Amino acid sequence: MSQSHQQPALSKCPGCDEPPAAGDLFCGACGYDLSAVPARPGDRPTMAITVPPAAPEAPAAPVASAGQAAPAASGAEAVRWPVAAEADSSDVPAPVHRPSDLPGTDSGGRPLAEQEQQREQAQEPGAAAGQGAPLGPGPGPLGGPEPSAVPVRHDDRAEPGGAEHSGDFALAAPDPRTAEHAAAAAAPAAGGKLCVACRSGRVDPDGYCENCGHAQPRERDHMEQELGSVAAVSDRGLRHHRNEDSFAVSSTALPDGSPAVVAIVCDGVSSASRPDEASAAAANAANESLLASLPRGTHPQQAMHEAIVAASEAVNALAQEPAGAMEHDAHRHQNAPACTLVGAVMAGELLIVGWVGDSRVYWVPEDRSRPTARLTEDDSWAAQMVAAGLMNEAEAYADERAHAITGWLGADAYELEPHTAAFKPDRPGLVVVCTDGLWNYAESAEEMAAAVPADAQEHPLRGAQVLVGHALDGGGHDNVTVALLPFAVRPQGAGSACETV
72 MSQSHQQPAL SKCPGCDEPP AAGDLFCGAC GYDLSAVPAR PGDRPTMAIT VPPAAPEAPA
132 APVASAGQAA PAASGAEAVR WPVAAEADSS DVPAPVHRPS DLPGTDSGGR PLAEQEQQRE
192 QAQEPGAAAG QGAPLGPGPG PLGGPEPSAV PVRHDDRAEP GGAEHSGDFA LAAPDPRTAE
252 HAAAAAAPAA GGKLCVACRS GRVDPDGYCE NCGHAQPRER DHMEQELGSV AAVSDRGLRH
312 HRNEDSFAVS STALPDGSPA VVAIVCDGVS SASRPDEASA AAANAANESL LASLPRGTHP
372 QQAMHEAIVA ASEAVNALAQ EPAGAMEHDA HRHQNAPACT LVGAVMAGEL LIVGWVGDSR
432 VYWVPEDRSR PTARLTEDDS WAAQMVAAGL MNEAEAYADE RAHAITGWLG ADAYELEPHT
492 AAFKPDRPGL VVVCTDGLWN YAESAEEMAA AVPADAQEHP LRGAQVLVGH ALDGGGHDNV
552 TVALLPFAVR PQGAGSACET V
């Protein structure tokens, strides 16, 4: 009947004399590899090894293997292990004997001394036995583990000077975790994301490394996109734990071949569940709807209306998902997912805007001496108070209820009322599409124009980055998203028109 051989318990660690716990493979005090310590016979203090025959031409007798009695040899005298030198405070771990210290051959008939010489030659140039080699136990006396070619450290502190300058000794025995790390490092190469912390583990769908457990930065914390003449930037801000805004920018062609540029910006309602999913679903649905309807010849203003309806349906669909989808959002009230939406389309000589909620569109002319304008009206408590004549604008927006929205996309919205407006600018300018995370720090049209850099018309991405930085410098209390669309006008285009619905 086969038996399992267990490592005998050690009374103290050979490296630091601390008593190890039962079953430990490494010393908890110094990290010494306890599995590399030669097994101590339980019933006899010495182990007999056959002495080679006296005749020089005769091969040496085989060495007895662990757990086997040495074959008897007529007239042979047993060879005992030499007494090891006593360790002092500088010997960490205690000196051990190498196979070459004793006569004998390996299973192939080669003297053990030749093996030791080959090992020394395989080391780095200039490394001699006992010089430059890591301190630690050598191979076991009878077929034990081979020493590691490269020193292995059992701590995670990477020192610039290497192991020889760190004050820590390197262990010759391989770290059993090394193979696991190597296998994990190869996994992301076949697919998946690589952990930014340990650079070896695969990131699971929840955003945590399967190797070290480190939480990964979320891609939506900061997003930038530039597509031809339109650019957008979104940032988590300085106070929120995640980015609940989303955007989509794209371009297509009208039936006559002229270009059409689209920018959609959505802001998730933080008091609802899964606001980040709601904003992403709305932005994608509205963008896809516009890209499908504009090339068919649908009037841009009608196309914008249909896009808002499509975005609303996409957000409503999130509320129909199983309750398990909300488990990761248990700290929020389980209201239906909701968001606001604002969008702009440049098609031909028209500028079309559409919105639901309190995200805005501003017009900043290229000639800053000309008047600027805000092209949207908020669906908010403050806007309703001003429209009803109950408060002036300064009083309404100073109230703590000012930013309570009265219109949004979501299954619990009172009634969907998409707003659209069509403009025909008579001069070039810049269209600013943004969430309240930006306009809270540049509320009036004049303040927004002052925050827009002078070269934003030629470099919209840089301009969007500057505007996001303006909000962050102001405190970054909310997520910040802005899209910039430079609007060019033909020189012969005189006059202007505006139609609002």
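Note that the sequence shown covers residues 72 to 572 in the working numbering.
Virtual Cβ for every residue (Gly too), placed ideally from N, Cα, C.
All of these numbers come straight from a predicted model, not from anything done at the bench.
Cβ distance (whole Å) where residue i is taken to contact residue j below 8 Å
{"i": "residue 337", "j": "residue 350", "result": "4 Å"}
{"i": "residue 409", "j": "residue 299", "result": "The Cβ separation is near 32 Å, so there is no contact."}
{"i": "residue 491", "j": "residue 375", "result": "5 Å"}
{"i": "residue 538", "j": "residue 553", "result": "5 Å"}
{"i": "residue 498", "j": "residue 438", "result": "7 Å"}
{"i": "residue 523", "j": "residue 534", "result": "6 Å"}
{"i": "residue 510", "j": "residue 340", "result": "That pair is no contact at about 17 Å."}
{"i": "residue 415", "j": "residue 502", "result": "5 Å"}
{"i": "residue 555", "j": "residue 527", "result": "6 Å"}
Boundaries of the beta strand (DSSP E) in which residue i is found, first to last residue
{"i": "residue 423", "result": "421 to 427"}
{"i": "residue 418", "result": "409 to 418"}
{"i": "residue 508", "result": "Here residue 508 belongs to no beta strand (DSSP E); instead the alpha helix (DSSP H) covers 507 to 510."}
{"i": "residue 296", "result": "293 to 298"}
{"i": "residue 316", "result": "316 to 324"}
{"i": "residue 431", "result": "431 to 436"}
{"i": "residue 555", "result": "551 to 558"}
{"i": "residue 457", "result": "First-last for residue 457: 452 to 458, but that is the alpha helix (DSSP H), not the beta strand (DSSP E)."}
{"i": "residue 330", "result": "330 to 339"}
{"i": "residue 305", "result": "301 to 306"}
{"i": "residue 492", "result": "490 to 495"}
Beta-carbon gap between residue i and residue j smaller than 9 Å
{"i": "residue 446", "j": "residue 558", "result": "no"}
{"i": "residue 550", "j": "residue 306", "result": "yes"}
{"i": "residue 435", "j": "residue 516", "result": "yes"}
{"i": "residue 281", "j": "residue 291", "result": "no"}
{"i": "residue 331", "j": "residue 531", "result": "no"}
{"i": "residue 432", "j": "residue 457", "result": "no"}
{"i": "residue 427", "j": "residue 383", "result": "yes"}
{"i": "residue 310", "j": "residue 289", "result": "no"}
{"i": "residue 99", "j": "residue 93", "result": "no"}
{"i": "residue 343", "j": "residue 318", "result": "no"}
{"i": "residue 453", "j": "residue 470", "result": "yes"}
{"i": "residue 266", "j": "residue 287", "result": "yes"}
{"i": "residue 363", "j": "residue 385", "result": "no"}
Exposed unless 16 or more other CB atoms sit within 10 angstroms - verdict on residue i
{"i": "residue 89", "result": "exposed"}
{"i": "residue 315", "result": "buried"}
{"i": "residue 371", "result": "buried"}
{"i": "residue 451", "result": "buried"}
{"i": "residue 226", "result": "Annotation note: pLDDT 38 at residue 226 (below 50); position unreliable, coordinate value reported separately. Result: exposed."}
{"i": "residue 232", "result": "The pLDDT assigned to residue 232 is 44, lower than 50, so where the model puts this residue is not dependable; a value taken from the coordinates is nonetheless given after this. With fewer than 16 Cβ atoms within 10 Å of its Cβ, residue 232 is classed as exposed."}
{"i": "residue 520", "result": "buried"}
{"i": "residue 485", "result": "exposed"}
{"i": "residue 561", "result": "exposed"}
{"i": "residue 472", "result": "exposed"}
{"i": "residue 271", "result": "buried"}
{"i": "residue 547", "result": "buried"}
{"i": "residue 85", "result": "buried"}
{"i": "residue 392", "result": "exposed"}
{"i": "residue 429", "result": "buried"}
{"i": "residue 277", "result": "exposed"}
{"i": "residue 220", "result": "Any reading at residue 220 is ruled out, since the residue's pLDDT is 41, under 50, leaving its predicted position unreliable."}
{"i": "residue 496", "result": "buried"}
{"i": "residue 449", "result": "buried"}
{"i": "residue 365", "result": "buried"}
{"i": "residue 327", "result": "exposed"}
{"i": "residue 284", "result": "exposed"}
{"i": "residue 82", "result": "exposed"}
Residue i versus the options, residue with shortest Cα-Cα distance
{"i": "residue 536", "options": "278, 515, 505 and 458", "result": "505"}
{"i": "residue 541", "options": "512, 532, 391 and 554", "result": "512"}
{"i": "residue 367", "options": "287, 325 and 295", "result": "325"}
{"i": "residue 483", "options": "502, 389 and 356", "result": "389"}
{"i": "residue 380", "options": "97, 360, 93 and 472", "result": "360"}
{"i": "residue 377", "options": "548, 471, 310 and 488", "result": "488"}
{"i": "residue 420", "options": "329, 297 and 83", "result": "329"}
{"i": "residue 465", "options": "102, 448, 514 and 475", "result": "514"}
{"i": "residue 443", "options": "500, 529, 476 and 407", "result": "500"}
{"i": "residue 387", "options": "352, 474 and 373", "result": "352"}
{"i": "residue 323", "options": "477, 358, 468 and 407", "result": "358"}
Start-to-end residues for the alpha helix (DSSP H) that takes in residue i
{"i": "residue 375", "result": "371 to 389"}
{"i": "residue 541", "result": "531 to 544"}
{"i": "residue 515", "result": "Run containing residue 515: none; DSSP gives neither H nor E here."}
{"i": "residue 487", "result": "Careful: residue 487 lies outside any alpha helix (DSSP H) and carries neither H nor E."}
{"i": "residue 347", "result": "346 to 364"}
Closer than 9 Å to chain C by CB, residue i
{"i": "residue 550", "result": "Although the question refers to chain C, the structure presented lacks it and comprises just one protein chain."}
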